[in-house]
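Throughout the sequence shown, residue numbering follows the working numbering, covering 2 to 426 in sequence.
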Amino acid sequence: MKSIEVKNVVATDLVEPERIRLDNGTPLLVINAADQDVCKLEIVTEGGICDQPKASLATFVATMANEGTARYSADDIALAYDYYGAWFVNEALTHASSLSVFSLNRNFDKIIDYFESMWSCPAFPDDKLESLKKRASARLKVNVEKVNYLALVELQREYYGETHPLGFNVDEQAIGDISVDDVKAFHDRWTVPQNSTVLLSGKVTDKMIDLVNTTFGKTQHTSERCSSADDAPHKDFEPKTIVVDKPDAVQSAIKICIPTILRTHPDYIPLRILIRAFGGYFGSRLMQNIREDKGYTYGISSYLSGMRNNSQINISCQCDNQYTYRVVDEIRTEIQRMQAEPIPEEELNRVKLHVTGELLKSTDTPFSIAEYYSLMISNSMPHDYFRNQIDCVASITPEKLLEMANKYLSADRMLTVIAGNRAKF
């Protein structure tokens, strides 16, 4: 097979946004890099899942943004967005919430007031909350029949601890316990100008910037910015294997977690490349062995999850029950292989090509650029993180990856959770 030549990317970088302060001091990032008359307005607000006193509360707050506000009914909002060809996305993140609207430039002034009211003064009607709770309970009944969900929930509970918001038990009682007062208190605590950053991307005009300022820059900051809670686990890490028995399951779900270095550590980006080689793309070691050679699964993946206060190497797979422990054994085998000898140059070139391609996707459109900056804000990523990744891909060597494997990729540090029919393993 002809070897792949990977050319180093030395000049590409994220478009640097224009950084503006609204009249009330709220940061506005403007990414003006489009040919078409379209735009995206997003508000990233500090305070997310890590800050919820009850399970699912942050998600409920985000989900109810379009269920009516102090100025508009839910029907008013839906009809306006439909008529003007706009749509919104709302999401609860680990440390923040994000509310976005996509619009044609010519209709931007028509929809921005609806959008602002969804962010600043949602009504949280009782009947809408009850309907949301019923839907959440119905989804839960479906999810608890899925081995992948059961394994993930148990992994989070065991890793973070039951008292941590990321390890809370979500059951019907927990959903039922959420009240309108809970939702309002969480919103009022976090959704204020001093906790927020506004991003405007697309083909941006001065008129649009002025409109954002008059809409979002009028409410004065009443206190200092609040910071989201620590996401570090509430318990000491203990490598072990846990089985969640589901006798009627045809397949098993395998979730593995290895705690590792923070995103701020100088080894983090080289480690990220190693984990891509290990199981982060279709040609990875885990895929080639466990899917292609052994046929134990349709897919297996690994990824490095870097949060503000902790990071983990994660491995995830589903397979027939009879292959469960064989898959775990092969994962250990591949870890040992990564630690035993340097990755061949040709394989490294494939990995570099994949990582470079993924990075360049972040520069494709103004919306993808804005999404990257949004992630930087919500995850407190260093300002030069993108450039550091580009530079690391260009300079990474097999020897460096071998060093990373021996320092951080330890089979003895695996927290393994398996959900499936134990009798069939």
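Note that the Cβ used here is the ideal one computed from N, Cα and C, for glycine as well.
In this text, all values refer to a predicted model and were calculated from it rather than measured experimentally.
| Check | Outcome |
| --- | --- |
| Compute the distance between the beta-carbons of residue 23 and residue 284, then report whether it is under 8 Å. | no |
| Run the CB neighbour count on residue 232, radius 10 Å, all protein chains shown included, and call it buried at 16 or more, exposed below. | buried |
| Could you give the DSSP three-state label for residue 403: helix, strand or coil? | helix |
| Quick one: Cα of residue 268 to Cα of residue 404, how far? | 10 Å |
| Can you list, in chain order, the residues of its chain whose CB lies under 7 Å from that of residue 87, leaving out five sequence neighbours each side? | 102, 103, 104, 108, 112 |
| If I follow the unbroken beta strand (DSSP E) through residue 15, where does it start and stop? | Per DSSP, residue 15 belongs to no beta strand (DSSP E) and is neither H nor E. |
| Out of 214, 61, 275, 95, state which residue places its alpha-carbon closest to the alpha-carbon of residue 338. | 275 |
| From the DSSP output, in three-state form, read off residue 180 for me. | coil |
| Spell out the partners DSSP gives residue 97 in its beta bridges. | 47 |
| Could you tell me which whole beta strand (DSSP E) segments of length 3 or greater appear in the segment 262-338? | 301-307, 312-321 |
| Residue 77 by DSSP, collapsed to three states: which one? | helix |
| Taking the alpha-carbon positions, what's the residue 17 to residue 213 distance? | 20 Å |
| CA-CA distance, residue 420 and residue 38? | 49 Å |
| Could you name the residues of the same chain whose beta carbon sits closer than 6 Å to that of residue 2, not counting the 5 residues immediately before and after it, in chain order? | Unreliable placement is indicated for residue 2, whose pLDDT of 44 sits below 50; no coordinate value is reported for it. |
| Is residue 367 buried or exposed, if buried means 16 or more other CB atoms sit within 10 Å of its CB? | buried |
| Are the beta-carbon atoms of residue 124 and residue 93 separated by less than 8 Å? | no |
| Out of curiosity, what's the CA-to-CA distance linking residue 380 and residue 215? | 28 Å |
| Could you tell me the alpha carbon to alpha carbon distance between residue 12 and residue 34, rounded to whole angstroms? | For residue 12, the predicted structure reports a pLDDT of 46, less than 50, and the residue's modelled location is therefore unreliable. The matter cannot be settled from this model. |
| Are residue 478 and residue 297 close, meaning C-beta to C-beta below 8 Å? | Since the first and last residues shown for the chain are 2 and 426, residue 478 lies out of range. |
| Grouping DSSP H, G and I as helix and E and B as strand, with all else coil, what is residue 215? | helix |
| Tell me the rounded alpha-carbon separation between residue 195 and residue 30. | 15 Å |
| Report the residue from 331, 289, 243, 188 whose alpha carbon sits nearest the alpha carbon of residue 100. | 188 |
| Starting from residue 19 and walking both ways along the beta strand (DSSP E), at which residues does that stretch end? | 19-22 |
| On a CA-only basis, which of 336, 191, 287, 313 is nearest residue 302? Give me that one, please. | 287 |
| Give the straight-line distance between the Cα atoms of residue 418 and residue 71, rounded to the nearest whole angstrom. | 46 Å |
| Which of the three DSSP states, helix, strand or coil, is assigned to residue 232? | coil |
| Quick check on the burial criterion: 16 or more other C-beta atoms within 10 angstroms. Buried or exposed for residue 280? | buried |
| What ranges does the alpha helix (DSSP H) occupy inside the segment 140-164, keeping only unbroken runs of at least 4 residues that lie completely in it? | 148-161 |
| Whose CA, out of 202, 142, 277, lies closest to the CA of residue 456? | Examination of residue 456 is not possible in this model, given that the chain is present from 2 through 426 alone. |
| Indicate whether residue 236 and residue 162 have their beta-carbon atoms separated by less than 8 Å. | yes |
| Within 10 Å of its beta-carbon, does residue 96 have 16 or more other beta-carbons around it, so buried, or fewer, so exposed? | buried |
| Could you check what DSSP says for residue 198 in three-state terms: helix, strand or coil? | strand |
| Leaving aside the five residues before and after residue 331 along the sequence, list all residues of the same chain whose C-beta is less than 6 Å from its C-beta, in chain order. | 290, 291 |
| For residue 309, I'd like the list of residues in its chain whose CB is within less than 7 Å of its CB, leaving aside the five on either flank, ordered along the chain. | 96, 232, 380, 381 |
| Counting pairs of beta carbons, one from the segment 66-83 and one from the segment 165-183, are three or more of them closer than 8 Å? | no |
| Do residue 174 and the ligand ATP come close, with the Cβ less than 7 Å from some heavy atom? | Among the ligands in the structure shown, none appear at all, so the ligand ATP cannot be discussed. |
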